[in-house]
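> Residue numbers (the working numbering): 49 to 167. The beta carbon of each residue, even a glycine, is placed where N, CA and C say it ideally should be. Owing to the predicted nature of the structure, the values given are computational and were not obtained by experimental measurement.
1) Sorted by chain position, which residues of the same chain lie with C-beta nearer than 7 angstroms to residue 167's C-beta, five sequence neighbours on each side aside?
2) Alpha carbon to alpha carbon, how far is residue 66 from residue 168? Give it in angstroms, no decimals.
3) Please state if the CB of residue 146 and the CB of residue 155 are separated by a distance shorter than 8 angstroms.
4) According to DSSP, simplified to helix, strand and coil, what is residue 75?
5) Which of the three DSSP states, helix, strand or coil, is assigned to residue 60?
6) Check residue 158 in the structure and name its three-state DSSP category.
7) Return helix, strand or coil for residue 151, following the three-state DSSP convention.
8) By alpha-carbon positions, which one of 68, 100 and 119 ends up nearest to residue 152?
9) Keeping to the same chain, check which residues put their C-beta closer than 7 angstroms to that of residue 77; ignore five residues upstream and five downstream.
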């Protein structure tokens with residue numbers, strides 16, 4: 049088998065998945081948006097290999113994930129983090145775990161000052 053044969057065979061096998069892009073106009077044909085959003089993470093990865101503990105690396109990745117998700121949801125990151133740090137410690141998640149939904153970046157219950165543009 050030649051490389052050309054493998055390439056054509058691969059394309060034919062992937063065709064049904066490719067058609068999904070054509071069936072729903074909301075789907076992106078590339079993953080450029082995702083790749084751009086993780087670029088700082090991949091660049092910073094060199095700095096993070098020096099983390100002293102697995103816990104430190106895990107916690108850093110959690111904070112980074114919160115920040116990127118806030119950006120993706122059109123939030124002012126600083127104001128959103130201030131809101132989380134002030135409100136979450138006073139919330140009893142043990143008794144009412146569903147309250148976490150109030151704090152996620154896509155929640156409709158976030159204060160107006162957390163948004164880049166007024167809702």
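Straight from the coordinates:
1) For residue 167, the pLDDT reaches just 48, beneath the cut-off of 50, and the residue's location in the model is therefore unreliable, although a value from the coordinates is still provided. 160, listed in sequence order.
2) The first residue shown for the chain is 49 and the last is 167, placing residue 168 beyond what the model contains.
3) Going by C-beta atoms, residue 155 is not nearer than 8 angstroms to residue 146.
4) It is coil, neither helix nor strand.
5) Of the three classes helix, strand and coil, the one that applies to residue 60 here is helix, per DSSP.
6) Collapsing the DSSP output to three states places residue 158 in coil.
7) Collapsing the DSSP output to three states places residue 151 in coil.
8) For residue 152, the closest of 68, 100 and 119 by C-alpha to C-alpha distance is 119.
9) Correct list, in chain order: 69.
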